[in-house]
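Participant: Residue 29 is where the sequence shown starts when you use my numbering, and the numbers rise one by one after that. To start, I am sharing the structure in question, which I have written as structure tokens.
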Amino acid sequence: MLDRNRALKSRGERVLPGGMYGHMSTYRLLPPRYPQYFERAEGCRLWDADGNEYIDFMCSFGPMIAGYGNPRIRAAADAQRDRLDIANGPPALIVDLAERFVRQVSHAEWAIFAKNGNDATTVCNMVARARSEKRKILVAEGAYHGAAPWANRMSRGTPEEDHVHFPTYRYNDIESLDAAAQAVAGDLAGIVVSAFRHDAGHDQELPDLAFARRVREICDAEGAALILDDVRAGLRLSLDASWSQFGVQPDLSAWGKAIGNGEPVAAILGNEAYREAATRVFVTGSFWYQAAPFAAAIETLDLLAEVDAPAVVERLGQQFRDGLEEQARRYGHPIRQTGPPQMPAVLFEDDDRREKGFAFCTAALDHGVYLHPWHNMFLSVAHTEADIEQALAGTEKAFRHLHG
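Here's what the structure looks like:
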């Protein structure tokens, strides 16, 4: 039952645009059964405003990587908050965090900290332009790098002119990449790439090695920055920058709130060649120097390294993927599972209108499993094998519901 959620929705419709805004709105984006409001979270579980419990496979759309309310990370943040959180300048902890993160990420020599992924990708663009004194930044068609006007081709309220200096290419398509780079030769400041193609509503694509190497070659030839958007994938695919595992190093990388397990902190990391340019851009925010999220980030990075988080979430994600595949075959509802197991995307075959996906995910909610019918999902180190087995018991009932 969602009686309280229903009442809150009714109230919210009167005071919030469209009832809710942004990527967490259930009004336009998800079936009616999805709860809009939540009351409590712990580990890998959520409780909605009506007290219904779910094993969560969205992790707040990524930031929650070590578990909701992880006691160790929370204690570090609370202890720092008791001493100092906001002041006239940053805490000494900013140096500790910068040193810690730079040690971990092989391409990095310096760090800037902000509040969210959109901050991080935007600052990367600014630093790339400051060094090159060029204007054009290539971005992949359909890629999401934030909701700021430069990155947001989906929404009204952004004139097309805001995108003049952001020409597009197709991810993993070398011919398209070459053509886009050639069209702006001499004025190319950077190329933004996602860790893998994770466009919502589409099959995910892991990066082709030849494509990744070609991005690096073009950037080297043009004196442009290879900008890796690791906001969504960072720390789940690798504890280093995600493309480092292919031997392709970025010049600049953007990291989101997973670095602090959901605390409001993000990062821009850069190599030595971009250090001086980073001193010439003015970027700031009253809360960008907040101490408690820095403490949370240090603890998060340490915890994830201790347990080898990418290996843990890959194993759990593969367990979940294998179970879903077996159930789909058994009940005769073919699915496509794409992307890395740590960040699974599941779409039904022959389901262009998402009717089957919506029905399946709605039924899964009724059995205590929170999935997403068209966005990639996320595993965390708070999930356990027992949680995955319990979730699969719920998805089996959802497949049975589809089967009639």
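Even for Gly, the Cβ is constructed at its ideal location relative to N, Cα and C.
1. So which of H191, A421, F376, L254 has the shortest CA-CA distance to D279?
2. What are the boundary residues of the beta strand (DSSP E) that E67 is part of?
3. Determine the direct distance from the alpha carbon of T366 to that of A356, and round the result to whole angstroms.
4. Grouping DSSP H, G and I as helix and E and B as strand, with all else coil, what is K164?
5. Hey, out of Q64, H51, G46, M52, whose CA is closest to A35's CA?
6. Can you give me the C-alpha to C-alpha distance between D110 and E203, rounded to a whole angstrom?
7. Quick one: any contact between the segment 389 to 402 and the segment 242 to 257, if contact means 3 or more CB pairs under 8 Å?
8. Check W178 in the structure and name its three-state DSSP category.
9. For Y49, count neighbouring C-beta atoms within 10 Å of its own C-beta (all shown protein chains included) and say buried if the count is 16 or more, exposed if not.
10. If you run the structure through DSSP and keep just helix, strand and coil, what is Y302?
11. Would you grab the beta carbon distance between I101 and A324 for me? Rounded to a whole angstrom, and I think it's under 8 Å.
12. Spatial neighbours of F89 within its chain, please: C-beta separation below 7 Å, excluding the five flanking residues on both sides.
13. Checking the sheet assignment: what are the DSSP bridge partners for F376?
14. Buried or exposed for S281, going by 16 or more other Cβ atoms inside 10 Å?
15. Any contact between the segment 313 to 322 and the segment 384 to 397? By contact I mean 3 or more CB pairs, one from each, below 8 Å.
16. Name, in chain order, the residues that DSSP records as bridge partners for L14.
17. Label S134 either buried or exposed according to how many other C-beta atoms from any shown protein chain fall within 10 Å of its C-beta, with 16 as the threshold for buried.
18. How is E233 classed by DSSP in three states: helix, strand or coil?
19. Along the beta strand (DSSP E) that carries S281, what are the first and last residues, could you check?
20. Would D394 be called buried (16 or more neighbouring beta carbons within 10 Å of its own) or exposed?
21. Three or more C-beta pairs closer than 8 Å, one from the segment 403 to 423 and one from the segment 78 to 96: is that the case here?
22. Am I right that H226 and M86 are in contact with their C-beta atoms under 8 Å? What's the rounded C-beta distance?
23. Is R73 helix, strand or coil when you go by DSSP?
24. Just to confirm before moving on: does the CB-CB distance between Y302 and R159 stay below 9 Å?
25. A337 and L263: beta carbons closer than 9 Å?
26. Select from G432, L430, Y317 the residue whose C-alpha is nearest the C-alpha of A139.
27. In chain order, what residues of the same chain lie with their CB nearer than 8 Å to the CB of I287, ignoring the 5 residues before and after it?
28. Which of the three DSSP states, helix, strand or coil, is assigned to R225?
29. CB E161 to CB G214, shorter than 9 Å?
30. Alpha carbons only, please: which of V259, G422, G298, R244 is nearest the one belonging to V276?
31. Measuring only the C-alpha atoms, how far is K164 from V259?
32. Are the segment 416 to 431 and the segment 71 to 86 in contact at 8 Å, needing three or more beta carbon pairs?
33. Determine the DSSP secondary structure at I15, reduced to helix, strand or coil.
34. R341 by DSSP, collapsed to three states: which one?
35. Determine the direct distance from the alpha carbon of D78 to that of T196, and round the result to whole angstroms.
36. Note the first and the last residue of the continuous beta strand (DSSP E) segment covering D257.
Facilitator: From the atom records:
1. L254
2. 66 to 70
3. 15 Å
4. strand
5. Q64
6. 55 Å
7. no
8. coil
9. exposed
10. helix
11. 5 Å
12. H51
13. I363
14. buried
15. no
16. Any question about residue 14 goes unanswered here, given that the chain covers just 29 to 432.
17. exposed
18. strand
19. 280 to 283
20. exposed
21. yes
22. Actually they do not touch by this definition, with Cβ atoms about 13 Å apart.
23. strand
24. yes
25. yes
26. Y317
27. F129, G262, L263, V293, A294, A295, A325, T328, L329
28. strand
29. no
30. R244
31. 22 Å
32. yes
33. A query on residue 15 cannot be resolved here, the shown segment of the chain reaching from 29 to 432 and no further.
34. Position check: residue 341 holds Val in this sequence, whereas Arg was assumed. Helix, per DSSP.
35. 44 Å
36. 253 to 257
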